[in-house]
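My numbering applies: residue 11 is where the sequence shown begins, and numbers increase by one.
Yeah, the Cβ is synthetic: ideal placement off N, Cα and C, and Gly gets one too.
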Amino acid sequence: MDVRLVLLVGLGGAIGSMLRYLATEIIPSNHIPYGTISVNLIGSMLLGIMFGAIAADVIINQNYVLLFGTGVLGAFTTMSAFAMDTVTLSEDELSKTVIYITITIVGSIGFAWLGYKLGFSLLS
Numbered sequence: 011m012d013v014r015l016v017l018l019v020g021l022g023g024a025i026g027s028m029l030r031y032l033a034t035e036i037i038p039s040n041h042i043p044y045g046t047i048s049v050n051l052i053g054s055m056l057l058g059i060m061f062g063a064i065a066a067d068v069i070i071n072q073n074y075v076l077l078f079g080t081g082v083l084g085a086f087t088t089m090s091a092f093a094m095d096t097v098t099l100s101e102d103e104l105s106k107t108v109i110y111i112t113i114t115i116v117g118s119i120g121f122a123w124l125g126y127k128l129g130f131s132l133l134s
């Protein structure tokens with residue numbers, strides 16, 4: 011195991027988690043956690059762009075993939091907050107819960123696909 015690579019992921023994770031915290035503090039979340047939705051959609055799009063670029067044969071150093079993809083975006087996006095938000099919302103109103111789940115899951119996959127297609131087409 012290369013300790014330097016672990017530290018790169020850790021550095022990226024620190025940056026990503028701070029960015030997520032800031033985003034969820036700045037974006038109002040009255041009845042639906044819009045901050046969590048936003049970071050998951052944005053992070054999915056950015057990761058899609060990166061992997062679209064890789065699929066287009068853009069050479070991206072493994073260090074940058076680990077720092078940005080695994081570290082920053084891995085910590086920026088959040089499955090655990092999504093899960094807990096879902097549990098909390100389900101106690102109040104089922105319709106908001108279904109909307110939240112749908113937007114997050116379908117939106118994240120859709121944004122990752124769109125990012126992948128954009129990254130591939132713009133860089134190939």
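Could you check how far apart the C-beta atoms of residue i and residue j are, in whole angstroms? I think they sit under 8 Å.
i: Asn73; j: Leu18; result: 6 Å
i: Leu51; j: Ser118; result: 6 Å
i: Ile59; j: Leu128; result: 6 Å
i: Thr87; j: Gly53; result: 4 Å
i: Gly125; j: Met11; result: That pair is no contact at about 30 Å.
Beta carbon of residue i, beta carbon of residue j: below 9 Å?
i: Tyr81; j: Gly26; result: In the sequence on display, residue 81 carries Gly and not Tyr. Against a cut-off of 9 Å, the Cβ pair of Gly26 and Gly81 comes out as a contact.
i: Leu57; j: Leu83; result: yes
i: Leu99; j: Thr112; result: no
i: Ala65; j: Phe130; result: yes
i: Val68; j: Leu133; result: yes
i: Phe92; j: Thr34; result: no
i: Pro43; j: Tyr110; result: yes
i: Glu101; j: His41; result: no
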